[in-house]
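Student: In the working numbering, the protein residues as written are 4 to 307.
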Ligand code: 13P
Ligand code: SF4
């Protein structure tokens, strides 16, 4: 880590470049705190998509992972969209390809495909409607009951939303290996040690973990819960816990597992962000035909 003076200089340069280039910095809730210190807009995947839709900036730097940058680009085709790190991906998003989804669809006549926003543009282009962790239940409820709903790629969010919406869903067998780290044992130990705390977990956790927790919510839902309550244990990537500690230092907040660290979300840093702004590197480019098709399920989601 650089010394305080060097960090202040980097922040000043970033702020100057933001003005000069009409650039907006978006940061996902899991991003390192130093990134949050220069971000213009922050939030969960749905908030970022909604904010991106209204951004109207010439340049947008997405501090997060690739699918988030792609969503921003789809919603802002005329803006130059840059990703905070060229290799920041989401392994779960890569667990199904467009080709595999076409084969999956062929097995189920009269289907409706719901893709989690954590998916590639090729998969979105093959889907009917997109969803995020905060609107998955509503999205499933919007689909006619006679359809066979195919949910890709996250089996955990898919089964959580299926149960809550009372819909029959066939899920792809994808998962987030970071949320998989959080175990039933972690919940049991936390309950015993902190009986008066509320345990809130992300729906990407396994169904067993979600069942034992008090609540399941997106990272925005979790942040709202912390804002309105005290004594909360967060079952998700540790970045959210760090963000909550910095926003509400007086509150008692704990991580359910300190091991749940998403390396892709941690690739961003202030020096790299400055470099990206200076060199305008890591630009997100999407094939025009794919972009047209991939935008449709996102636009449909935003209508709900
Ligand atoms: P949220 O939309 O809840 O922020 O989740 C995104 C994500 O990647 C969770 O792992
Ligand atoms: Fe993907 Fe999991 Fe990282 Fe979220 S935490 S970006 S789902 S790998």
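Here a beta-carbon is modelled for each residue, glycine too, at the ideal position from N, C-alpha and C.
Note that the structure is predicted; figures quoted are calculated from it, not measured.
Taking 9 Å as the threshold (C-beta atoms), are residue 147 and residue 96 in contact?
Tutor: No, they are not a contact pair.
Student: Along the chain, where does the beta strand (DSSP E) containing residue 85 start, and where does it finish?
Tutor: Its beta strand (DSSP E) spans residues 83 to 86.
Student: Taking its Cβ as the centre, do 16 or more other Cβ atoms sit within 10 Å of residue 90, making it buried, or is it exposed?
Tutor: Residue 90 should be labelled exposed.
Student: Could you tell me whether the region 268 to 285 touches the region 221 to 234, using the rule of 3 or more Cβ pairs below 8 Å?
Tutor: Not touching, per the Cβ criterion.
Student: Which residue's Cα is closest to the Cα of residue 261: 104, 99, 239, 28?
Tutor: Residue 261 has its Cα closest to that of 239, out of 104, 99, 239, 28.
Student: Out of 192, 126, 114, which one is the CA nearest neighbour of residue 98?
Tutor: The candidate whose alpha carbon is nearest that of residue 98 is 126.
Student: Go through the region 53 to 120 residue by residue and report every complete run of the alpha helix (DSSP H) that reaches 4 residues or more, in order.
Tutor: With a minimum length of 4 residues, the continuous alpha helix (DSSP H) runs that stay inside the region 53 to 120 are 69 to 78, 101 to 109.
Student: Start and end of the beta strand (DSSP E) containing residue 258?
Tutor: Looking at the DSSP string, the run of the beta strand (DSSP E) that includes residue 258 is 256 to 258.
Student: Between residue 212 and residue 190, how many whole angstroms is the CB-CB distance? I'm expecting something under 8 Å.
Tutor: About 6 Å; that satisfies the 8 Å criterion.
Student: Using a Cβ distance threshold of 8 Å, determine whether the region 184 to 198 contacts the region 219 to 231, with at least three qualifying pairs required.
Tutor: Segments in contact, no.
Student: Looking at C-beta atoms only, is the number of pairs between the region 32 to 48 and the region 215 to 225 that lie closer than 8 Å three or more?
Tutor: Segments in contact, yes.
Student: Shortest alpha-carbon distance to residue 103 belongs to which of 301, 175, 244?
Tutor: That would be 175, whose Cα lies nearest to the Cα of residue 103.
Student: Using only CA atoms, which one of 152, 178, 249, 28 lies nearest to residue 166?
Tutor: Closest by alpha carbon: 152.
Student: Could you give the DSSP three-state label for residue 155: helix, strand or coil?
Tutor: Three-state DSSP puts residue 155 in a strand.
Student: Decide yes or no for the touch test of the region 270 to 287 against the region 109 to 122: beta carbon pairs closer than 8 Å, at least 3 of them.
Tutor: Result no; under three Cβ-Cβ pairs closer than 8 Å.
Student: Going by DSSP in three states, residue 39 sits in which element: helix, strand or coil?
Tutor: DSSP places residue 39 in helix when its eight states are reduced to three.
Student: Kindly identify the DSSP beta-bridge partner or partners of residue 31.
Tutor: Partner(s): 46.
Student: Mind reading off the beta-carbon distance from residue 204 to residue 259? Whole number of angstroms is fine, and I expect it under 8 Å.
Tutor: That pair is a contact at about 7 Å.
Student: Return yes when at least one heavy atom of the ligand 13P lies under 8 Å from the C-beta of residue 311, else no.
Tutor: Nothing can be reported for residue 311, as the shown portion of the chain is limited to 4 through 307.
Student: Go ahead and pull the three-state DSSP assignment for residue 23.
Tutor: Reduced to three states, the DSSP call for residue 23 is helix.
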